[in-house]
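Going down the list, the sequences are from chains A and B. Numbers 833 to 1244, taken from the working numbering, label the letters of the first sequence in order. Numbers 426 to 661, taken from the working numbering, label the letters of the second sequence in order.
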Amino acid sequence: MTAPDNSSGSNATPRSTREAATLEFRGATKRYPGQEAAAVDGLSLTVPAGEILVLVGPSGCGKTTAMRMVNRMIEITEGDILLDERSVRDRAPAELRREIGYVIQQIGLFPHMTIADNVAVVPRLLGWERDRIDARVKELLELVSLGEGTGERYPSQLSGGQRQRVGVARALAADPPLMLMDEPFGAIDPINRERLQNEFLRLQGELRKTIVFVTHDIDEAIKMGDKIAVLRTGGRLAQYASPAELLMYPADEFIEDFVGADRALKRLALQRVRDIDLWRAATVRVGEPIEEARRKIADADIDMPLLVDEHGRPEGWLSERGMTGERVRAELRSRAEPTVELDDVLRDALADLIESEVHYSPVVDAEGCVAGVLSLEVISQTLQIPPDQVRTGPDLVAPGDEAVAGSEAPSR
Amino acid sequence: MSALALPLAQLEIRSRTGGTCVSEDGFCPGWIVDNLDRYVQPLLEHIYLTVISVAVGFAISFALALLAHRSGWLTAPVTALTSVLYTIPSIALFLILVPVTGLTALTAIIALVAYTQVFLFRNIINGLVNVPEETKDAARGMGLTDRQVLWRVEMPLAVPEILAGLRIATTSTVNLATLAFFAGAGGLGAQIFQDITFRSNVVVAGGLAILLAALFDLIFLGGQRVATPWRRAAAT
Ligand SMILES: Nc1ncnc2c1ncn2[C@@H]1O[C@H](COP(=O)(O)OP(=O)(O)OP(=O)(O)O)[C@@H](O)[C@H]1O
Ligand SMILES: [Mg+2]
């Protein structure tokens, strides 16, 4: 790696050079031999290139079957699946699978191969040159945050979380335009699962692969999915929508149940503090005439005046004694803690309130100036707003007409 | 080859010379040192019988196991057949074969090969079957063809069990080959029974058989360590 020549060496190898693929299920159906009912029944949906489709639903609803039809690990009975508009049925299975990353819950690392050899399996099948394989392996192990020297070890010498990282690296080895992941983090303890999810989302932000992600955990689905397809028993699509749409416009009772009684709370994860109507605060400054302060209090939604500094930044809640005499005095009943920011996710803001054991707290803008007051009442009112009137952060959910349309399974 | 075909008729106690220790059938180090060379030929015959039988037995059981692994249904009948073969008393089997193949090494080898099957077939098929389902699933899902799955994943992972089968089969063959002289195939057994009352003779010939078994075992153990570095890694 001494030569800075960028036509060779790992530094010149881009992490992803291949365009993500579009994936389309077109009435894909699977009937296992000897079974009356279909395991997957007429599944139709399109996954745009670079997006994560989460397949979610109760156990046995056909998630794994739907996923495995894509790389022909399970043969399609009826209908079709198209990868970049080309039917997977027209492709030789082994050749097709080398183009599709494959991660399963049990990981399935090869115990007799070192980590480096595990990652190198598909590049070797594809006949890459040695130098290219070595560089790619090194790059991928770095990408999934596995340290130097991991490559020479055997799977039995790694922890569960490390193995799953290797599983992801191995699936990414040949830079596939599509990845299939069947409950990839299902066997990992909650703390490590959360870490792996976050790492994976960061990775996906960089790689922009098209991904089919199977889980039975609705929270994981909401977190990971660009789009979520909820399947019901019998392999029928119950709803295909973005996470926010799913929470706000559950298509029917089944979805409502599946999403959970706490879907309102989950919804809070999709809104920011700036998206809701805050209480107006009575912001007063030291030395301000008392009458003026009283007028502000009368106008505000909360009768507790909030003392701010000359820039409008909150100092604390003013006590009764601060309001005695001619002018406002710096007598605080309590400091202005916690302080919530307009950009905070509503769920996190609520958690802050609860943790600090307060009913309300000042909200500040990017400059730190008071923008209003967030209270438990405000949040509970927000939760009572009918879904179609909810305002959500544009980055957390894509609002608009398609939200309503999306609440129904697309009919094709 | 004629040396291997020692007819049963020649099994008679030879006269031996020596002091009182020898004439009293005792354990005589002096006699052993002077007469070591008479054990070379039987030892070579024994090694020959063992190596050929295990090698041929392995080739046959390997082919059968591959067939059974692919077909699925063949496993049970082949396993049953090998167990039945194993229950036939060895001397009986040698004697059954003599009218067909004569008093030759071939007779002994056929019988010895038959006895290896029970260990070899069972262990090879178990080794293949015990490869975790998810490992095979991952291999196929990544685009390995069935043949690549077999040779790059299943077979390497079956190596420990296959070598374990070879170890048992070899030990058992060294053991059974001591009876090969019934088929006229010589070996250390012939040497033992030639002068079974003479303690020195029995100790040397029997000891050589035990040493031979131990030596083969060591070789396979070493092979196992070399061929399965991942197993040692797991232990650390
Ligand atoms: N190889 C098979 N042969 C016959 N039936 C099968 C087979 N695989 C799955 N099924 C059946 O098809 C249905 C869907 O199975 P599938 O594994 O796709 O469900 P899943 O949604 O992935 O469930 P889980 O969450 O438990 O993994 C189930 O009723 C299952 O029993
Ligand atoms: Mg499943």
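We treat Cβ as the ideally placed atom computed from N, Cα and C, and that holds for glycine.
If contacts are defined as beta-carbon pairs under 8 Å, then residue i and residue j qualify, I think. What distance do you get, rounded to the angstrom?
i: ILE1050 of chain A; j: VAL888 of chain A; result: 6 Å
i: LEU489 of chain B; j: PHE546 of chain B; result: 6 Å
i: ILE667 of chain B; j: LEU613 of chain B; result: Nothing can be reported for residue 667 of chain B, as the shown portion of chain B is limited to 426 through 661.
i: GLY482 of chain B; j: VAL538 of chain B; result: 4 Å
i: LEU1138 of chain A; j: ALA1168 of chain A; result: 7 Å
i: ALA958 of chain A; j: LEU915 of chain A; result: The question names Ala, but residue 958 of chain A in the sequence shown is Leu. Incorrect: roughly 17 Å between the Cβ atoms, too far for contact.
i: ALA853 of chain A; j: TYR864 of chain A; result: About 27 Å; that fails the 8 Å criterion.
i: ALA1003 of chain A; j: VAL935 of chain A; result: 5 Å
i: ARG1027 of chain A; j: ALA1101 of chain A; result: Actually they do not touch by this definition, with Cβ atoms about 18 Å apart.
i: ALA1125 of chain A; j: VAL1116 of chain A; result: 5 Å
i: GLY940 of chain A; j: ALA563 of chain B; result: 3 Å
So which residues on chain B does residue i lean against when the C-beta distance must stay under 9 Å?
i: ARG985 of chain A; result: ALA658
Under the three-state reduction of DSSP, which class applies to residue i: helix, strand or coil?
i: TRP655 of chain B; result: helix
i: ASP562 of chain B; result: helix
i: ALA1006 of chain A; result: coil
i: THR946 of chain A; result: coil
i: LYS1041 of chain A; result: coil
i: ARG918 of chain A; result: strand
i: PRO1137 of chain A; result: strand
i: THR878 of chain A; result: strand
i: ASP642 of chain B; result: helix
i: MET1013 of chain A; result: strand
i: ALA430 of chain B; result: With a pLDDT of 43 at ALA430 of chain B, under the threshold of 50, the predicted position of this residue should be treated as unreliable, though the coordinate-derived value follows. In this structure, ALA430 of chain B counts as coil in the three-state DSSP scheme.
i: PRO1121 of chain A; result: strand
i: GLN1036 of chain A; result: helix
i: VAL556 of chain B; result: coil
i: GLN1071 of chain A; result: strand
i: ALA852 of chain A; result: coil
i: LEU528 of chain B; result: coil
i: LEU1206 of chain A; result: strand
i: TYR934 of chain A; result: strand
i: LEU492 of chain B; result: helix
i: ARG1104 of chain A; result: strand
i: ARG1064 of chain A; result: strand
i: THR570 of chain B; result: coil
i: GLY859 of chain A; result: strand
i: THR1047 of chain A; result: strand
i: ALA517 of chain B; result: helix
i: TRP456 of chain B; result: helix
i: GLU1077 of chain A; result: helix
i: LEU941 of chain A; result: coil
i: ILE438 of chain B; result: Note that ILE438 of chain B has pLDDT 49, beneath the 50 cutoff, so the model's placement of it is unreliable and the number below is only indicative. Note: ILE438 of chain B maps to coil in three-state DSSP.
i: GLY911 of chain A; result: strand
i: THR1115 of chain A; result: strand
i: VAL887 of chain A; result: The sequence given here has Leu at residue 887 of chain A, not Val. If DSSP states are grouped into helix, strand and coil, LEU887 of chain A belongs with the strands.
i: ASP873 of chain A; result: strand
Could you tell me which chain B residues have their CB closer than 8 Å to the CB of residue i, listed as they occur along the chain?
i: SER988 of chain A; result: TRP655, ALA658, ALA659
Closer than 8 Å by beta-carbon distance: list the chain A residues that pair up with residue i, in chain order.
i: ARG565 of chain B; result: MET905, ARG929
i: LEU569 of chain B; result: ALA926, VAL953, LEU957
Using a cut-off of 9 Å between C-beta atoms, extract the partners of residue i located in chain A.
i: LEU520 of chain B; result: Going along chain A, no residue has its Cβ under 9 Å from LEU520 of chain B, so there is no contact; the nearest lies around 45 Å.
Could you tell me which chain A residues have their CB closer than 7 Å to the CB of residue i, listed as they occur along the chain?
i: GLU449 of chain B; result: Near GLU449 of chain B there are no residues of chain A at all, since even the closest Cβ is about 59 Å away, more than 7 Å.
i: ASP562 of chain B; result: ILE936, GLY940
Residues in the region 922-955 of chain A having any Cβ partner in chain B nearer than 9 Å: PRO925, ALA926, GLU927, LEU928, ARG929, ARG930, GLU931, ILE932, GLY933, TYR934, VAL935, ILE936, GLN937, GLN938, ILE939, GLY940, LEU941, PHE942, PRO943, HIS944, MET945, THR946, VAL953, VAL954
Contact list for the region 955-968 of chain A against chain B, Cβ threshold 7 Å: LEU957
Within 7 Å of chain A by C-beta, residues of the region 572-589 of chain B in sequence order: VAL578, PRO581, LEU582
Contained beta strand (DSSP E) runs [length at least 3] in the region 1135-1203 of chain A, N- to C-terminal order: 1137-1140, 1146-1150, 1164-1167, 1192-1196
Near-chain A residues of the region 470-488 of chain B - C-beta to any C-beta below 7 Å: none
Ranges of the alpha helix (DSSP H) found wholly within the region 960-1004 of chain A, counting only runs of at least 4: 962-975, 992-1004
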